Amino acid sequence: MNVASSDSATAGAGEPAPEEIAELRKEIDYLDSEILRLVRRRIEVSQQVGKARMAAGGPRIVTNREMAVLARYRELGPDGRELAMALLRLGRGRLGGERSE
C-alpha cells in the first residue's frame, strides 16, 4: 500500500473531520486562555503569600510547601514536574530573585 492510499484509507476510519478539528482547536485556544488567566491569578496569590510571610519574619521560600506542589503535579509525569517548577518560579517573582519586571 502506498502513502496516498494509506492516507485515504484511514481518513474516514475514526479520524476527525476538518470541521471537527477546527472546533477542537477552538476549544484548545479557549483552554489556553483560561490556563493563562489562572496562572496569572496564581502568581498574584503566591506573591501575596510570600510578601505576608516575609512581613511576618518568615522565610523567603518554604521548601515543604514547594515539595507538596511538585508532588501534586507529579501525576502528569516528568513534564508535570517541569510545569510545577515553572509555576513556582513565576510565583516567586522578585521574592525568588529569578524574574525582573
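Plus 54 on top of the position in the sequence shown (first one is 1) and you've got the working numbering.
For every residue, glycine included, the Cβ atom is placed at its ideal position computed from N, Cα and C.
Small disclaimer: the values here were computed from a predicted structure and weren't measured.
If you ignore the 5 residues before and after Glu120, its C-beta comes within less than 6 Å of the C-beta of Leu142, all in its own chain and listed in chain order.
Rounded to whole angstroms, Ser100 and Glu73 show a C-alpha spacing of 40 Å. In the displayed model, Ala109 falls within a helix according to three-state DSSP. Where Arg114 is concerned, there is no enclosing alpha helix (DSSP H), because DSSP gives it neither an H nor an E.
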